[in-house]
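S.K.: Before we start, here is the structure in question, set down as structure tokens.
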Amino acid sequence: MREIVTLQVGGFANFVGSHFWNFQNELLELAEDPEADAVFKNQALNMDVFYRYGETHQGVPSYTPRLLSVDLQGSLGSMSSSGTLYNGGSSVPSSVMTWDGNVSTQASEPRRRNLFLQSLYQEEQENSFTVENGVSGAENGSQKEVSDGDIVEQLENDVQYWTDYSKAHYHPQSLYELSGLWIDTHKFDNYGIGRDSFSGGLHGEEMSDKLRFFVEECDHIQGFQFIVDDSGGFSPIAVDFLESIADEYTNVPVLLYAVRGPGSAIDSISQKHRVSRKLHDAVSFSRLSSLCKLIVPVGLPSLSKSKASRLLCIKDEKPYHCSAAYAATLHSVSMPFRMEPVGPSADSTYASGALTVNEVVQILSGQARQNMVTILDAAMPAPSLTGNQIEQTFLRNLQPLTPEVSEHVEDLQSVESMIVLGTLGTGGQRASIHEVKSMVHAAYEHAITRPIFSHLSVAQCPLPIPLPFPSIFGNRVGQHGELLGTPVIGSSSRGSLDVHSIPVAARLRSSSAVLPFLENRLGDLRKFGIARGGPGAELLRSWGFTKDESEDMGETLCKMIMELKPRTQTSSDSD
130 MREIVTLQVG GFANFVGSHF WNFQNELLEL AEDPEADAVF KNQALNMDVF YRYGETHQGV
190 PSYTPRLLSV DLQGSLGSMS SSGTLYNGGS SVPSSVMTWD GNVSTQASEP RRRNLFLQSL
250 YQEEQENSFT VENGVSGAEN GSQKEVSDGD IVEQLENDVQ YWTDYSKAHY HPQSLYELSG
310 LWIDTHKFDN YGIGRDSFSG GLHGEEMSDK LRFFVEECDH IQGFQFIVDD SGGFSPIAVD
370 FLESIADEYT NVPVLLYAVR GPGSAIDSIS QKHRVSRKLH DAVSFSRLSS LCKLIVPVGL
430 PSLSKSKASR LLCIKDEKPY HCSAAYAATL HSVSMPFRME PVGPSADSTY ASGALTVNEV
490 VQILSGQARQ NMVTILDAAM PAPSLTGNQI EQTFLRNLQP LTPEVSEHVE DLQSVESMIV
550 LGTLGTGGQR ASIHEVKSMV HAAYEHAITR PIFSHLSVAQ CPLPIPLPFP SIFGNRVGQH
610 GELLGTPVIG SSSRGSLDVH SIPVAARLRS SSAVLPFLEN RLGDLRKFGI ARGGPGAELL
670 RSWGFTKDES EDMGETLCKM IMELKPRTQT SSDSD
């Protein structure tokens with residue numbers, strides 16, 4: 130067993146993570162559903178990589194994500210921080226008497242479950258009754274009172290918390306709220322605020338204890354999947370946590386996704402706030418990147434206006450929407466980590482190209498160029514193999530979800546790891562592993578420039594679309610993710626009631642196309658924070674950084690840039 134422990138730190142990271150675990154939950158349910166497509170029953174995937182077996186206080190077996198989620202207090206909505214499986218009673222012993230006078234209790238009204246969570250709870254109660262009494266669902270005689278249409282409509286209009294659409298059950302060690310931070314979420318928006326709020330408390334120790342719980346029960350941990358909302362105050366919290374991980378788990382690689390929603394890119398009218406935002410972005414990236422093996426920036430200023438959403442209908446103002454698209458891609462990237470490995474020259478009928486986290490790190494950052502900043506590309510839904518010129522167009526369908534990336538760059542030293550899931554072939558049938566591999570190989574043959582190395586992972590299993598997935602598909606996307614000849618009349622978007630699964634292609638790419646992203650951060654740090662008289666120099670000092678530390682961060686970014694620039698260009702820049 131080669132387990133992965135997932136960490137989600139910050140608001141948007143947990144929005145992404147909630148969708149991610151919904152996909153895993155859906156795969157598990159479809160594998161047990163006798164009426165589901167056979168492709169979901171033969172996934173050739175080992176879900177134990179991400180999940181752990183356990184037992185509730187009542188002795189009921191449980192299967193929960195190997196996850197630690199960190200967020201502000203009050204971010205769990207109607208969910209308890211002990212999860213949903215282990216609510217066995219009060220945590221305060223009734224026999225302990227500390228006061229015999231009058232007691233007044235002030236408690237806020239708990240948030241009511243929405244229709245989706247109510248239906249989930251009702252279904253679980255019915256299943257429990259069925260098991261305990263040995264009767265079938267039909268004999269139970271219960272009726273579904275809320276329609277799926279009502280559930281989908283309410284989610285589209287009223288998601289406030291990431292738990293509002295979460296299907297997964299969580300272990301009590303998985304959910305950690307940062308108590309005592311009495312601050313408006315919208316003001317928790319820069320490195321300094323997060324650093325001040327996190328210092329001097331027991332949070333770091335408590336988080337490390339929870340993480341240790343999951344790591345110590347692993348037989349052979351292959352890595353950490355770390356998702357952090359790096360748009361505000363959670364960055365320094367993640368940095369402190371990563372420092373602790375580096376000290377305690379020295380040889381365990383960290384694959385870090387720095388995610389942010391479109392709202393974080395809105396420019397302020399205030400010059401002071403603009404300087405603060407630019408310095409935050411530079412400091413956050415420099416610090417986070419120094420503590421992981423591979424960092425993947427994810428989050429476009431406007432996902433709805435990007436080429437990546439050509440077949441989607443996304444509302445940027447809804448984290449529920451944007452996080453779903455990013456989570457679908459992260460799910461795809463993670464598929465090789467749980468594929469059952471076969472011989473070096475053999476392919477399973479259902480999957481090919483198994484990798485570990487460390488192998489992905491070595492492919493992308495351990496080649497001739499030691500670059501650990503990776504671009505994430507996606508095609509969602511991915512094209513079918515029925516087009517006349519699929520070999521010429523397939524690679525063009527992959528569009529970046531990493532911001533500030535150059536579009537037309539000929540990088541002769543680029544390396545890639547590509548994942549293709551559930552591709553459709555002739556007659557709407559799933560294409561075979563061999564057909565997909567042949568098509569991708571032909572696509573590279575037709576490409577003007579090719580990477581020096583590309584690893585390909587393929588699975589017949591598509592991305593399943595669970596009920597609480599948002600209505601973000603355009604009206605030309607069919608039930609299985611196929612592209613319809615004519616748009617569906619009457620709606621501009623489609624959701625889980627119309628689309629049941631989609632093919633997805635994702636790619637991690639080490640390329641000099643990421644240079645603008647790095648150069649912008651270095652330029653802002655130098656201009657606003659390091660240069661003499663810079664308008665943000667005092668701000669950096671208030672965040673706890675000395676002049677030497679600020680210059681060290683600049684040096685870190687500079688080395689990343691030099692690693693990606695051609696040697697001839699590097700020489701001319703230094704002249």
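Going by the numbering used here, the final residue of the sequence shown carries number 704, and the count climbs one at a time with no gaps. From the three backbone atoms N, C-alpha and C, an ideal C-beta is built for every residue, glycine too.
1) Is DSSP giving residue 601 helix, strand or coil here?
2) Which residue wins for smallest C-alpha separation from residue 674, given the options 631, 134, 550 and 415?
3) Provide the residue span of the alpha helix (DSSP H) that contains residue 685, from first to last.
4) Which two residues bound the contiguous alpha helix (DSSP H) that contains residue 618?
5) Would you mind stating whether residue 138 and residue 357 have Cβ atoms separated by less than 8 Å?
6) Quick check on the DSSP output: what are the complete beta strand (DSSP E) runs of length 3 or more inside the segment 286-367, in order along the chain?
7) Can you give, in chain order, each stretch of the alpha helix (DSSP H) that sits fully within the segment 483-512 and has at least 4 residues?
8) What did DSSP end up calling residue 637 once you bin it into helix, strand or coil?
9) Assign residue 774 to one of three DSSP states: helix, strand, or coil.
10) So, are the CB atoms of residue 410 and residue 650 less than 8 Å apart?
11) Classify residue 242 as helix, strand or coil using the three-state DSSP reduction.
12) By the 10 Å Cβ neighbour count, where 16 or more other Cβ atoms means buried, how is residue 681 classified, buried or exposed?
13) Assuming residue 610 and residue 591 make a contact with CB atoms under 8 Å, what is their CB distance in whole Å?
14) In whole angstroms, what separates the C-alpha of residue 392 from that of residue 406?
15) Do residue 176 and residue 153 have their beta-carbon atoms positioned less than 8 Å apart in this structure?
16) What do you get for residue 190, buried or exposed, if any count of 16 or more other CB atoms within 10 angstroms of its CB means buried?
17) Where does residue 278 sit, in a helix, a strand or coil, going by DSSP?
18) Would you mind stating whether residue 617 and residue 582 have Cβ atoms separated by less than 8 Å?
19) Using the C-alpha atoms, what's the distance from residue 353 back to residue 381?
20) Taking the alpha-carbon of residue 509 as reference, which of 482, 691, 549 and 567 has the nearest alpha-carbon?
21) How big is the Cα-Cα spacing for residue 433 and residue 374?
22) Using the Cβ count rule (16 or more neighbours within 10 Å means buried), how would you classify residue 221?
23) Let me know the alpha helix (DSSP H) ranges lying completely inside the segment 552-610, each 4 residues or longer, listed in chain order.
24) Should the segment 493-510 be called in touch with the segment 443-458, which here means at least 3 C-beta pairs below 8 Å?
25) Among 482, 477 and 459, which has the Cα closest to the Cα of residue 465?
26) Quick check: the Cα distance between residue 291 and residue 447, rounded to an integer number of angstroms?
27) The beta strand (DSSP E) with residue 184 in it runs from where to where?
28) Does the count of Cβ pairs from the segment 523-533 and the segment 656-665 closer than 8 Å reach three?
29) Residue 644 to residue 430, Cα distance in whole Å?
30) Quick check: the segment 593-606 against the segment 622-639, are there 3 or more CB pairs under 8 Å?
31) Nearest CA to the CA of residue 684: which residue from 667, 200 and 652?
32) For residue 479 and residue 173, which I take to be in contact (beta-carbon distance under 8 Å), what is that distance rounded to the nearest angstrom?
33) Select from 181, 368, 441 and 339 the residue whose C-alpha is nearest the C-alpha of residue 612.
34) Check for me: the beta strand (DSSP E) holding residue 197 runs from which residue to which?
35) So for residue 468, helix, strand or coil by DSSP?
36) Measuring CB to CB, does residue 637 end up less than 8 Å from residue 462?
M.R.: Taking the coordinates as given:
1) Counted from its first residue, the sequence shown places residue 601 at position 472. DSSP places residue 601 in coil when its eight states are reduced to three.
2) In the sequence shown, residue 674 corresponds to position 545, counting from 1. Ranking the options by Cα distance to residue 674, first place goes to 415.
3) Start at 1 with the first residue of the sequence shown, and residue 685 comes out as number 556. Note, residue 685: alpha helix (DSSP H), 676-693.
4) Residue mapping note: residue 618 aligns to position 489 of the sequence shown, counting from 1. Here residue 618 belongs to no alpha helix (DSSP H), and DSSP marks it neither H nor E.
5) Here residue 138 refers to the residue found at position 9 when the sequence shown is read from its first residue. Here residue 357 refers to the residue found at position 228 when the sequence shown is read from its first residue. Yes, these two residues count as a Cβ contact at 8 Å.
6) 304-307 and 352-358
7) 486-494
8) Residue 637 sits at position 508 when you count from the first residue of the sequence shown. Correct three-state label for residue 637: strand.
9) Outside the displayed range of the chain (130 to 704) lies residue 774, so it cannot be described from this structure.
10) Here residue 410 corresponds to residue number 281 of the sequence shown, with the count starting at 1. Here residue 650 corresponds to residue number 521 of the sequence shown, with the count starting at 1. Yes, these two residues count as a Cβ contact at 8 Å.
11) For this step, residue 242 is matched to residue 113 along the sequence shown. In the structure shown, residue 242 sits in coil (DSSP, three-state: anything other than H, G, I, E or B).
12) Walking along the sequence shown from the start, residue 681 turns up at place 552. Classification of residue 681: exposed, given that the 10 Å Cβ count is below 16.
13) In the sequence shown, the residue the question calls residue 610 occupies position 481. In the sequence shown, the residue the question calls residue 591 occupies position 462. Between residue 591 and residue 610 the Cβ distance is about 7 Å, and since that is below 8 Å, they are a contact.
14) Indexing the sequence shown from 1 puts residue 392 at position 263. Indexing the sequence shown from 1 puts residue 406 at position 277. Cα to Cα, residue 392 sits roughly 13 Å from residue 406.
15) Position 24 of the sequence shown holds residue 153. Position 47 of the sequence shown holds residue 176. Contact flag set, yes.
16) In the sequence shown, counting from the first residue as 1, residue 190 sits at position 61. Exposed is the call here.
17) Working through the sequence shown from its first residue, we reach residue 278 at position 149. Of the three classes helix, strand and coil, the one that applies to residue 278 here is helix, per DSSP.
18) Walking along the sequence shown from the start, residue 617 turns up at place 488. Walking along the sequence shown from the start, residue 582 turns up at place 453. No, the pair does not count as a contact, with Cβ atoms beyond the cut-off.
19) Indexing the sequence shown from 1 puts residue 381 at position 252. Indexing the sequence shown from 1 puts residue 353 at position 224. Their Cα atoms are separated by approximately 7 Å.
20) Within the sequence shown, residue 509 is the residue found at index 380, counting from 1. With distances taken between Cα atoms, residue 509 lies closest to 549.
21) Walking along the sequence shown from the start, residue 433 turns up at place 304. Walking along the sequence shown from the start, residue 374 turns up at place 245. Their backbone Cα atoms lie some 36 Å apart in a straight line.
22) Within the sequence shown, residue 221 is the residue found at index 92, counting from 1. Low per-residue confidence applies at residue 221: pLDDT is 39, beneath 50, and the placement is therefore not dependable, though the value from the model is reported in the following sentence. Result: exposed.
23) 562-575
24) yes
25) Sequence index remark: in the sequence shown, residue 465 carries index 336 (1-based). When each option's Cα is compared against that of residue 465, the closest is 482.
26) In the sequence shown, residue 291 corresponds to position 162, counting from 1. In the sequence shown, residue 447 corresponds to position 318, counting from 1. About 12 Å.
27) For the purposes of this step, residue 184 is identified with residue 55 of the sequence shown, where counting begins at 1. Counting along the chain, the beta strand (DSSP E) containing residue 184 begins and ends at 180-184.
28) no
29) One-based indexing of the sequence shown puts residue 644 at position 515. One-based indexing of the sequence shown puts residue 430 at position 301. Going from the Cα of residue 644 to the Cα of residue 430 covers about 17 Å.
30) yes
31) As a working mapping, residue 684 is identified with position 555 in the sequence shown. Answer by Cα proximity: 652.
32) In the sequence shown, counting from the first residue as 1, residue 479 sits at position 350. In the sequence shown, counting from the first residue as 1, residue 173 sits at position 44. So it is a contact: roughly 4 Å between Cβ atoms.
33) Numbered from its first residue, the sequence shown carries residue 612 at position 483. When each option's Cα is compared against that of residue 612, the closest is 441.
34) To locate residue 197, count along the sequence shown from 1; it is residue 68. Here the beta strand (DSSP E) through residue 197 covers 196-201.
35) Taking the first residue of the sequence shown as position 1, residue 468 is located at position 339. Three-state result, residue 468: strand.
36) Against the sequence shown, residue 637 aligns to sequence position 508. Against the sequence shown, residue 462 aligns to sequence position 333. Yes, Cβ-Cβ distance for residue 637 and residue 462 is below 8 Å.
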